[in-house]
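Those sequence lines, one after another, are chains W and A.
Taking my numbering, I'd label the letters of the first sequence as residues 0 to 210.
Taking my numbering, I'd label the letters of the second sequence as residues 0 to 210.
No residue lacks a Cβ here, since even glycine has one placed at the ideal position from N, Cα and C.
This report concerns only the one structure given below.
Number of protein chains: 2
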Amino acid sequence: MSLCLFCYNENEKKVLTVRNKSLPFKNALVLPNKLLKYNQSLDEVCTEILTENIRNQEVYIEQLNAFGKLYRNPIGRVIDISFYGLINLEKDNIVLNHENNAKFKKLDSKLELAFDHNEMIELALKRIKRRMKYRPLGKNLLPNEFTMNELEGLYSSFLSKKFDTRNFRRRILEMDILREVKKVQRNKRGRKTILYEFDPKKYENYSNNGF
Amino acid sequence: MSLCLFCYNENEKKVLTVRNKSLPFKNALVLPNKLLKYNQSLDEVCTEILTENIRNQEVYIEQLNAFGKLYRNPIGRVIDISFYGLINLEKDNIVLNHENNAKFKKLDSKLELAFDHNEMIELALKRIKRRMKYRPLGKNLLPNEFTMNELEGLYSSFLSKKFDTRNFRRRILEMDILREVKKVQRNKRGRKTILYEFDPKKYENYSNNGF
DNA sequence: TTTACTTATTGTATTATTTACACTATATTT
DNA sequence: AAATATAGTGTAAATAATACAATAAGTAAA
Chain W
0 MSLCLFCYNE NEKKVLTVRN KSLPFKNALV LPNKLLKYNQ SLDEVCTEIL TENIRNQEVY
60 IEQLNAFGKL YRNPIGRVID ISFYGLINLE KDNIVLNHEN NAKFKKLDSK LELAFDHNEM
120 IELALKRIKR RMKYRPLGKN LLPNEFTMNE LEGLYSSFLS KKFDTRNFRR RILEMDILRE
180 VKKVQRNKRG RKTILYEFDP KKYENYSNNG F
Chain A
0 MSLCLFCYNE NEKKVLTVRN KSLPFKNALV LPNKLLKYNQ SLDEVCTEIL TENIRNQEVY
60 IEQLNAFGKL YRNPIGRVID ISFYGLINLE KDNIVLNHEN NAKFKKLDSK LELAFDHNEM
120 IELALKRIKR RMKYRPLGKN LLPNEFTMNE LEGLYSSFLS KKFDTRNFRR RILEMDILRE
180 VKKVQRNKRG RKTILYEFDP KKYENYSNNG F
């Protein structure tokens with residue numbers, strides 16, 4: 000079982016990687032993963048992977064795909080059921096396990112993982128991209144309070160597409176998932192920024208049932 | 000591994016079921032399934048299931064989901080990676096294995112399968128429904144030549160929604176995946192019907208990349 | 001052969017959604 | 001007070017989706 004755990008930090012999407020501790024590909028960069036034990040459900044392994052690597056198991060997770068090619072692991076036949084998850088570094092109170100060398104890495108072409116783990120990331124990103132078209136995204140990636148610009152940046156990053164600010168704002172507001180927070184964000188220069196939060200019930204509803 | 004194999008026959012969607020040959024739930028109605036052997040890839044088991052039950056392995060298949068709850072099988076922990084497929088009974092030259100009691104059953108509320116196989120069907124139908132919104136459907140379910148009414152019926156059935164004939168035809172033709180066949184279908188009463196076929200290249204293209 | 005009936009096919013007007021596009025507001029710095 | 005940086009806003013045009021009913025082309029019956 001492998002997990003693509005994404006965050007959105009410093010205006011970039013990143014994925015959690017660890018150093019592989021055993022053969023094959025010992026010491027290579029891989030997605031956090033764990034073998035399923037006989038008495039475990041899939042969810043339980045996810046929880047273990049999370050606990051071990053970030054010390055937090057309360058994270059948004061979706062099943063991705065089962066990878067089952069015969070020779071994907073050179074040592075023997077391993078079927079890997081992969082998941083993806085979305086977190087926010089501060090909000091979710093992450094403690095990276097440095098024994099595993101757990102690190103969030105930028106998603107660029109230089110990121111090369113062992114096994115078929117790059118494929119997993121690609122597939123996860125595709126899935127997220129598709130999902131964004133009929134369900135809201137952001138609650139798991141952003142801090143509790145955020146600006147429209149941050150939300151636009153996130154959408155822009157995951158959909159690899161620039162938005163027109165005015166149209167973006169209108170569309171998001173029409174989704175009816177945000178509320179303005181009383182507070183406001185002071186900036187070094189320029190106008191203050193309105194802060195928003197997700198309306199939990201509405202977000203939940205659209206997240207489960209689509210728009 | 001289990002397979003939801005759908006067809007669209009006599010204006011109804013149907014799914015392939017078999018009688019379970021072993022415990023637990025011996026003799027119960029189930030989806031065709033098979034245990035994965037050590038030296039098999041997922042695709043190979045799919046092929047086996049297909050060969051065994053319909054004597055044809057050249058079928059459109061997509062991975063659905065891994066079902067991994069601890070007690071989904073009362074006898075022990077079994078993780079089931081499910082697939083769904085779409086076929087056409089005549090075109091695909093199906094020979095049902097009656098030793099397994101392989102039969103296509105209408106998808107109605109009376110259809111009750113053992114294990115979590117009903118869940119699998121539900122999920123597969125949801126997936127297909129979603130997929131239809133950005134990719135074409137029909138090539139695998141319809142005969143090579145078909146009428147607009149048949150295609151509309153198929154869409155209507157899988158999306159559980161009535162269409163306005165005029166709007167439906169316009170939308171489908173705008174998709175640019177059909178071509179008229181020279182022949183025409185004679186009916187007992189009323190006007191002759193134009194026959195269409197899918198343009199293989201265009202269909203393939205939209206099927207892989209979406210509209 | 002004319003009329004009734006059956007089924008297939010077609011077009012237009014309205015509404016809703018999406019896109020394109022540039023200036024004003026509010027704060028800080030000099 | 002002027003320059004600069006960032007946030008925030010409205011309107012018009014184009015495109016897509018929806019609602020809606022009459023005509024065309026055949027068979028069966030009178």
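Three-state secondary structure (DSSP) of residue i
| i | result |
| --- | --- |
| A101(A) | coil |
| N26(A) | coil |
| I53(A) | helix |
| D79(A) | strand |
| S1(A) | strand |
| Y59(W) | strand |
| L85(W) | strand |
| Y12(A) | Residue identity differs from the one stated: residue 12(A) is Lys in this sequence, not Tyr. Three-state DSSP puts K12(A) in a strand. |
| R165(A) | helix |
| R190(W) | coil |
| V44(A) | helix |
| Y257(A) | The displayed coordinates of chain A run from 0 to 210. Any statement about residue 257(A) would go beyond what the structure contains. |
| L150(W) | helix |
| N32(A) | strand |
| L177(W) | strand |
| A123(A) | helix |
Exposed unless 16 or more other CB atoms sit within 10 angstroms - verdict on residue i
| i | result |
| --- | --- |
| P135(A) | buried |
| L34(W) | exposed |
| E149(W) | buried |
| N55(W) | exposed |
| Y133(A) | exposed |
| Y37(A) | exposed |
| I78(A) | buried |
| P31(A) | buried |
| F66(W) | buried |
Whole-angstrom distance between residue j and residue i, CA atom to CA atom
| i | j | result |
| --- | --- | --- |
| R185(W) | M147(W) | 14 Å |
| L49(A) | S1(W) | 29 Å |
| R165(A) | E151(A) | 11 Å |
| K191(W) | V183(W) | 7 Å |
| I53(W) | E47(W) | 10 Å |
| E9(W) | I60(W) | 22 Å |
| S81(W) | E121(A) | 22 Å |
| E144(W) | K90(W) | 10 Å |
| R188(A) | R168(A) | 22 Å |
| V180(A) | P142(A) | 13 Å |
| N208(A) | L22(A) | 43 Å |
| D163(A) | L140(A) | 22 Å |
| L85(A) | K68(A) | 27 Å |
| L95(W) | K104(W) | 13 Å |
| M174(A) | F197(A) | 11 Å |
| K160(W) | V44(A) | 40 Å |
| H97(A) | F5(A) | 18 Å |
| N92(A) | K128(A) | 26 Å |
| R76(A) | Y195(A) | 48 Å |
| K125(W) | N117(W) | 12 Å |
| K20(A) | N99(A) | 8 Å |
| N26(A) | Q39(W) | 28 Å |
| K12(W) | L110(A) | 45 Å |
| E203(A) | I193(W) | 47 Å |
| L153(W) | N87(W) | 12 Å |
| I74(W) | Y83(A) | 30 Å |
CB-CB length for residue i against residue j, believed under 8 Å
| i | j | result |
| --- | --- | --- |
| V29(A) | A123(A) | In fact, because the Cβ distance is near 15 Å, the residues do not count as touching under 8 Å. |
| L106(A) | V14(A) | 6 Å |
| L63(W) | M131(W) | With 8 Å as the limit, L63(W) and M131(W) do not qualify as a contact, their Cβ atoms being about 16 Å apart. |
| K201(A) | I176(A) | 5 Å |
| Y7(A) | S108(A) | 19 Å between Cβ atoms; not a contact. |
| R71(A) | D115(A) | 5 Å |
Any non-hydrogen atom of the ligand COA within 6 Å of residue i CB
| i | result |
| --- | --- |
| A123(W) | For the ligand COA, the structure offers nothing, since it holds no ligand at all. |
Discussion item. Under 8 Å, CB to CB, which of the residues in the region 64-83 of chain W have a partner in chain A?
Written reply: Listed in chain order, the positions of the region 64-83 of chain W with a beta carbon within less than 8 Å of a beta carbon of chain A are N64, A65, G67, K68, L69, R76, I78 and I80.
Practice prompt. Could you list the residues in the region 31-59 of chain W with a C-beta less than 7 Å from some C-beta on chain A, going in chain order?
Written response: Listed in sequence order: Y37, N38, S40 and L41.
Discussion item. At a CB distance below 9 Å, what residues from the region 178-193 of chain W approach chain A? Give them in sequence order.
Written reply: Listed by position along the chain: nothing, the set is empty.
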